[in-house]
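When you number the sequence shown by the working numbering, it's gap-free, plus one each residue, and the end is 600.
Each residue gets a CB set at the ideal place from its N, CA and C atoms; glycine is no exception.
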Amino acid sequence: MKQAFRYTVLAATALALLAPQARATHIVGGEMTYTCLGNNHYQITLTIFRDCFYGSPGAWFDDPASIGVFDADNNYMFQILVPLDPMLNDTLDPDLGSECFVVPPDVCVHTTTYTTTALLPFQPGGYQLVYQRCCRNQTIVNIVEPLDVGATYSINLTEEALLACNSSPKFNNWPPLYLCVNQPFQIDQSASDADGDSLVYSLCNPLMGADPFEPMPQPPNNPPFDTVPWFGTYDASDMLNGGAGGVAMTINPQTGLLTGTPIIIGQFVIGICIKEYRNGQLISVSRRDYQVNVGDCGNITASFFAPEKLCDTYTVAFNNQSVNASNYLWYFDYPGNLSATSTLEYPVYTYPDTGIYTIMLVAEPGVPCTDTFLQDIHIFPNSLFANFEVDQVDCADSLTVQVTDSSLDTAAMVASWEWLLVNASDTLHSAEPDPAFVLTQQGTATLTLTVTSTNGCSQTLEETFPVHFIEDPIFEDSISICANGAGVQLNPDGSFPGATYLWQPSDGLDNPNSPNPTATPDSTITYSVVITDSGEFCVVEKEVTVIVSPFATVTPEVDTLLEGESVQLTATYDPGYTYHWEPAAGLSDPGIHNPVATP
Numbered sequence: 002m003k004q005a006f007r008y009t010v011l012a013a014t015a016l017a018l019l020a021p022q023a024r025a026t027h028i029v030g031g032e033m034t035y036t037c038l039g040n041n042h043y044q045i046t047l048t049i050f051r052d053c054f055y056g057s058p059g060a061w062f063d064d065p066a067s068i069g070v071f072d073a074d075n076n077y078m079f080q081i082l083v084p085l086d087p088m089l090n091d092t093l094d095p096d097l098g099s100e101c102f103v104v105p106p107d108v109c110v111h112t113t114t115y116t117t118t119a120l121l122p123f124q125p126g127g128y129q130l131v132y133q134r135c136c137r138n139q140t141i142v143n144i145v146e147p148l149d150v151g152a153t154y155s156i157n158l159t160e161e162a163l164l165a166c167n168s169s170p171k172f173n174n175w176p177p178l179y180l181c182v183n184q185p186f187q188i189d190q191s192a193s194d195a196d197g198d199s200l201v202y203s204l205c206n207p208l209m210g211a212d213p214f215e216p217m218p219q220p221p222n223n224p225p226f227d228t229v230p231w232f233g234t235y236d237a238s239d240m241l242n243g244g245a246g247g248v249a250m251t252i253n254p255q256t257g258l259l260t261g262t263p264i265i266i267g268q269f270v271i272g273i274c275i276k277e278y279r280n281g282q283l284i285s286v287s288r289r290d291y292q293v294n295v296g297d298c299g300n301i302t303a304s305f306f307a308p309e310k311l312c313d314t315y316t317v318a319f320n321n322q323s324v325n326a327s328n329y330l331w332y333f334d335y336p337g338n339l340s341a342t343s344t345l346e347y348p349v350y351t352y353p354d355t356g357i358y359t360i361m362l363v364a365e366p367g368v369p370c371t372d373t374f375l376q377d378i379h380i381f382p383n384s385l386f387a388n389f390e391v392d393q394v395d396c397a398d399s400l401t402v403q404v405t406d407s408s409l410d411t412a413a414m415v416a417s418w419e420w421l422l423v424n425a426s427d428t429l430h431s432a433e434p435d436p437a438f439v440l441t442q443q444g445t446a447t448l449t450l451t452v453t454s455t456n457g458c459s460q461t462l463e464e465t466f467p468v469h470f471i472e473d474p475i476f477e478d479s480i481s482i483c484a485n486g487a488g489v490q491l492n493p494d495g496s497f498p499g500a501t502y503l504w505q506p507s508d509g510l511d512n513p514n515s516p517n518p519t520a521t522p523d524s525t526i527t528y529s530v531v532i533t534d535s536g537e538f539c540v541v542e543k544e545v546t547v548i549v550s551p552f553a554t555v556t557p558e559v560d561t562l563l564e565g566e567s568v569q570l571t572a573t574y575d576p577g578y579t580y581h582w583e584p585a586a587g588l589s590d591p592g593i594h595n596p597v598a599t600p
């Protein structure tokens, strides 16, 4: 009577190096063993590993699994169908050899074990027990076309083993799930033999198996089976590094200790063989074929950010920047007050007074790979006060402002200034204590000053002010009028909306607050005007001179002429006057002050 049962292990760990598109396949590894039960009955155990993260969702464990039985001449005899029991599962944790290494988050490996009992009477040459499956992960880097390279897991029940009722050796530990790049590893891949036979370990070539066209042959294909085609310089002597450096993976032939230092990140197929000797005679060869993942494990690193100097508060928020850690112990006053602690990831602590304190963060306390990070923080009393004044220098067509720092620190000296002036599309910077800025657009400007003292304390002050331009008014530098004549407008073509005007002196003006007053002075005078915008920030000053000229007098030399005689006419001369005599007939030049008349 045949009995069958199955034991399933689910391993969910991490492999950040794999790409999401690698979801087309599923086979990861496997092995087959046998145990003699007596009377020609053998328990056959098949262990299969499948990728449950990147593997095809439809590529589940075979149900049933087909174990083909062949004779020594590779002839098919019969198959054993072993059903799948879906109820049993467990979690397989990766062993990285050190608590200081952390596996990244996305390898998933299901492991199922098919077990059955078969009647295998003695026959010359013995039996070959075979299971085949497709396909391996396409991201495997050390073999050619991994999608087309399936896997064969087999073991020979030799004639010598049948005669001796032998049981094959069994591996003591799971194969490695994950190796850390650039980190040496030591993994126990030894086996136990119920008969006490001598075991010799070696690395060997994995076997090819089913292909994508017939991924689950039942029964399996006939032996013999080709070994996997190694890619480039990879081979059985260097399955992980391919001769590129590092320390090639080897296995101790007596102890089964697997060692090496991988230097390449990726997925790799490896093979381990065990030769079983009794009285110096080889009676069995067991084989394990498995996909190894090599990635960046990352050391635990403690780190945090906090200001080294604090001037305006006693409360500090700590930004934890540790890597590959999830448990923390903070000391906020080390070693002065060891009771001031926290286990939060991002703690906030309020210090009782000013002073210098040492903060120590312990990442993963209580384990061998604990890492610590220390930093001092100096808490000062607030002695720095930021301040400044803004004065306009010129605001015709653009605004030029002069900024003067008036910051004060009662405990230290102001050491640096950072000015930022933003107005429309203008963004201006300066590190001078008293800079000048030119603004080219009107609007509202925001001026920010950050001052830092020699003790490291900083303070920031922000102010806004309006930006208005008073375009250059159209003023004549001087205007001439006649004494006792009509007045003159001082600014007939210029007026800035919203601005105020103040003309001085007010003598002779009809309105000294008008943009365009009328002036009627008794004598030549210079008027000044102060124009101020509505925000009282932009101020423009101009001057205009009103020249008061006396009326011209005309003096002829004679008042009676005989026909044919001439006389010179003379008017009051002033270089600022213009002259126009009428009628022009008979005049030598009607545009000068003293023409000759010949009527």
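- The criterion of a C-beta distance shorter than 8 Å is satisfied by S454 and M414.
- Distance from the CA atom of D534 to the CA atom of D508, rounded to whole angstroms, is 25 Å.
- Rounded to the nearest angstrom, the gap between the Cα atoms of Y502 and A437 is 27 Å.
- T546 and V468 have their alpha carbons spaced roughly 31 Å apart.
- Boundaries of the beta strand (DSSP E) around L38: I28 to G39.
- Taking C-alpha positions only, L85 is separated from F62 by approximately 8 Å.
- When the five nearest sequence neighbours on each side are left out, the beta carbons in the same chain lying within less than 6 Å of the beta carbon of A318 are those of V349, in order along the chain.
- The beta-bridge partner set that DSSP reports for D427 consists of N424.
- When beta bridges are read from the DSSP output, Q490 appears opposite T519.
- For L163, the CB contacts under 6 Å within the same chain, skipping 5 residues up- and downstream, are F123 and G127 in chain order.
- Between A520 and L491, the gap from beta carbon to beta carbon is short of 8 Å.
- The beta-carbon distance between T117 and V142, rounded to whole angstroms, is 35 Å. This is too long to meet the 8 Å contact definition.
- Each of L562, I28 and F306 was checked against the Cα of G210, and the nearest Cα belongs to I28.
- Beta-bridge pairing by DSSP links I156 to L130.
- In the DSSP assignment, F389 falls within the beta strand (DSSP E) that extends over F389 to D395.
- By the C-beta criterion, the stretch 351-368 is judged not to be in contact with the stretch 418-435, since fewer than 3 inter-stretch pairs fall below 8 Å.
- Beta-bridge partners of M361 (DSSP): Y332 and L375.
- Residue range N338 to S343 is occupied by the beta strand (DSSP E) that includes S340.
- Between F186 and T234, the gap from beta carbon to beta carbon reaches 8 Å or more.
- In the three-state reduction of the DSSP assignment, L148 falls in the helix class, which pools H, G and I.
- For R51, the enclosing beta strand (DSSP E) covers residues H42 to D52.
- Linking E477 to P584 through their CA atoms gives a straight-line distance of about 33 Å.
- Excluding its 5 nearest sequence neighbours in each direction, N517 has C-beta neighbours in its own chain below 8 Å: Q490, L491, N492, P493, G495 and S496, listed in chain order.
- Between the beta-carbon of P308 and that of I378 there is about 7 Å, and that keeps the pair under the 8 Å contact cut.
- With contacts defined by Cβ atoms closer than 8 Å, C205 and C136 do not form a contacting pair.
- Under the 10 Å beta carbon count, A387 is surrounded by 16 or more other beta carbons and is classified as buried.
- It is roughly 37 Å from the alpha-carbon of G31 to the alpha-carbon of T371.
- Annotation: the continuous beta strand (DSSP E) that includes L450 extends over G444 to S454.
- In this structure, the alpha-carbon of L47 lies about 31 Å from that of I265.
- With a 10 Å radius around the Cβ and a threshold of 16 neighbouring Cβ atoms, T314 comes out exposed.
- A432 carries a coil assignment under DSSP once its states are collapsed to helix, strand and coil.
- Around the beta carbon of G337, fewer than 16 other beta carbons sit within 10 angstroms, so the residue counts as exposed.
- E215 is bridged by DSSP to D212.
- Contact between N223 and L121 fails: their C-beta atoms lie close to 18 Å from each other, not under 8 Å.
- The continuous beta strand (DSSP E) containing F79 extends over residues Y77 to V83.
- From the listed residues N76, Q292 and Q80, the smallest Cα separation to Y179 is found for Q292.
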